[in-house]
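A short worksheet on the structure shown next.
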Amino acid sequence: MVELLEAFTNTDSPSTGKLYMDRFAGLVARQWQSLGTNVTTLREEEYGDHVKVEWGSGRESILLLCHMDTVWDAGETQKRPFRVENGKAYGPGAYDMKAGIVQAIFAVKTLQDMGLSPAKKIIVLHNSDEEIGSPSSRPIIESEALKASAVLVLEPPVRGGALKTWRKGVGDFIVAIQGRASHAGADYKKGISAITEAAHQILRLHSLTDLEKGTTVNVGVVKAGTRPNVVAEQASLSVDLRVTTIDAAKEVVPKILGLKPVDPRITLAVQGELERPPMERNENNLRLFKLAHAIGSEMGIELAESGTGGASDGNFTSALGIPTLDGLGAVGDDGHAVTEHVVVSSLPERAAVLAGLLLRI
Numbered sequence: 197m198v199e200l201l202e203a204f205t206n207t208d209s210p211s212t213g214k215l216y217m218d219r220f221a222g223l224v225a226r227q228w229q230s231l232g233t234n235v236t237t238l239r240e241e242e243y244g245d246h247v248k249v250e251w252g253s254g255r256e257s258i259l260l261l262c263h264m265d266t267v268w269d270a271g272e273t274q275k276r277p278f279r280v281e282n283g284k285a286y287g288p289g290a291y292d293m294k295a296g297i298v299q300a301i302f303a304v305k306t307l308q309d310m311g312l313s314p315a316k317k318i319i320v321l322h323n324s325d326e327e328i329g330s331p332s333s334r335p336i337i338e339s340e341a342l343k344a345s346a347v348l349v350l351e352p353p354v355r356g357g358a359l360k361t362w363r364k365g366v367g368d369f370i371v372a373i374q375g376r377a378s379h380a381g382a383d384y385k386k387g388i389s390a391i392t393e394a395a396h397q398i399l400r401l402h403s404l405t406d407l408e409k410g411t412t413v414n415v416g417v418v419k420a421g422t423r424p425n426v427v428a429e430q431a432s433l434s435v436d437l438r439v440t441t442i443d444a445a446k447e448v449v450p451k452i453l454g455l456k457p458v459d460p461r462i463t464l465a466v467q468g469e470l471e472r473p474p475m476e477r478n479e480n481n482l483r484l485f486k487l488a489h490a491i492g493s494e495m496g497i498e499l500a501e502s503g504t505g506g507a508s509d510g511n512f513t514s515a516l517g518i519p520t521l522d523g524l525g526a527v528g529d530d531g532h533a534v535t536e537h538v539v540v541s542s543l544p545e546r547a548a549v550l551a552g553l554l555l556r557i
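Right, here's the structure in full:
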């Protein structure tokens with residue numbers, strides 16, 4: 197498993213580099229073909245190609261989700277090649293989430309070696325654009341999920357190894373503010389400050405945060421002004437929304453989109469939407485966790501349940517009402533950071549739990 201993880205990690209696969217993504221997709225496809233599975237490359241023009249794997253012949257299916265892209269630019273693997281130190285495997289994308297792909301491959305290989313076949317057909321969808329919102333793969337993911345009995349997501353777990361039964365939904369918005377420029381000394385009254393309006397709107401937006409409900413609104417980027425002696429004509433706010441339930445989204449999103457200027461002379465426009473619906477902690481997802489917990493216990497592996505404020509492709513499938521369990525990837529830490537790593541000993545353990553799920557769902 198470590199050898200395959202090394203090969204995967206040392207192959208660049210940035211979300212926005214189609215040439216590199218397609219090269220890595222080919223590597224993933226060949227690994228699955230070596231197991232005798234049916235592999236289809238789903239061609240894309242703008243983004244990297246996706247890879248669909250089919251194994252088995254059951255009338256019902258289980259969908260596994262594994263994204264191949266990473267947040268790291270091309271060339272990062274040469275700067276920081278894969279290495280193992282003190283039982284931890286380091287490298288760009290090793291934790292998020294090339295280890296998850298390795299686990300999926302070895303879960304199927306283990307079942308094949310043991311002569312075991314799941315009752316349900318196994319579909320493994322590897323997409324190339326998850327880190328940038330899955331713009332081209334979302335329709336494919338949702339189409340496959342609607343045909344599946346369950347969805348298993350090979351994203352990393354919560355720190356410490358807990359599986360994810362919930363994830364927050366994510367909204368992105370841009371607030372554009374138009375005022376009027378003037379000389380800050382000679383003609384101050386003629387100006388209409390977009391920055392002053394922005395300050396009011398930031399406070400309004402942040403007031404929508406409700407920590408008890410798990411709702412957060414964060415203005416993370418503010419662009420405004422040109423020089424200290426000019427009353428600012430324009431300002432823009434980049435806003436991040438996180439919600440735990442679709443009801444919370446229905447409450448907050450209209451308030452963001454319906455923002456009105458405090459100064460009636462200001463022109464204000466808001467664009468954006470809830471890009472990923474929340475993966476709610478519901479009975480469907482909890483049922484899958486309880487099964488995983490039971491399988492783990494039989495193997496001497498203790499699995500906990502948790503959730504996170506970050507989103508994944510599991511948000512899409514859970515929102516469709518399909519039982520979804522996330523965080524089945526390798527134990528590790530520091531995703532998206534140069535210290536990103538995988539606990540090597542967790543690889544076979546998590547692959548074994550996944551194999552058990554494939555047999556018993």
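Reading the sequence shown from the start, the letters are residues 197 to 557 in our numbering. All C-beta atoms in this analysis are idealised placements derived from N, C-alpha and C, irrespective of residue type, glycine included.
Pair within 7 Å by beta-carbon distance, residue i and residue j
i: V540; j: V527; result: no
i: L499; j: H489; result: yes
i: E250; j: I297; result: no
i: A295; j: A547; result: no
i: S502; j: V354; result: yes
i: T504; j: V347; result: no
i: V439; j: T405; result: no
i: E469; j: V366; result: no
i: E351; j: M310; result: no
i: L260; j: K305; result: no
i: A270; j: D325; result: no
i: I496; j: V549; result: First, the residue type needs correcting, since residue 496 is Gly and not Ile in the sequence shown. No, these two residues do not count as a Cβ contact at 7 Å.
i: N234; j: F278; result: no
i: M197; j: L487; result: no
Cβ distance (whole Å) where residue i is taken to contact residue j below 8 Å
i: H537; j: A290; result: 7 Å
i: G416; j: S432; result: Incorrect: roughly 12 Å between the Cβ atoms, too far for contact.
Euclidean distance between Cα positions of residue i and residue j
i: G244; j: I452; result: 33 Å
i: G421; j: L359; result: 45 Å
i: I616; j: Q274; result: The chain is shown from 197 up to 557; residue 616 falls before or after that span and cannot be answered.
i: V418; j: V427; result: 16 Å
i: G510; j: D522; result: 7 Å
i: M264; j: T535; result: 19 Å
i: A382; j: H396; result: 25 Å
i: T236; j: I336; result: 13 Å
i: S345; j: A394; result: 47 Å
i: H322; j: Q227; result: 13 Å
i: W268; j: T212; result: 10 Å
i: S389; j: V448; result: 27 Å
i: F220; j: G357; result: 27 Å
i: A465; j: I373; result: 7 Å
i: I462; j: P450; result: 20 Å
Coil, strand or helix - residue i by DSSP
i: D245; result: coil
i: V534; result: coil
i: E240; result: coil
i: K316; result: coil
i: M475; result: strand
i: G528; result: strand
i: L470; result: strand
i: A445; result: helix
i: R438; result: strand
i: A465; result: strand
Beta carbon proximity, residue i to chain D, threshold 7 Å
i: D443; result: The structure shown contains no chain D; it holds only a single protein chain.
field: Inside the segment 332-386 only - beta strand (DSSP E) runs reaching at least 3 residues
entry: 344-349, 359-363 and 365-374
- request: Give, in chain order, every unbroken run of the alpha helix (DSSP H) that is at least 4 residues long and sits entirely within the segment 478-507.
  value: 479-494
message: Please give me, in chain order, every unbroken run of the alpha helix (DSSP H) with length at least 4 that falls completely inside the segment 256-324.
response: 272-275 and 295-309
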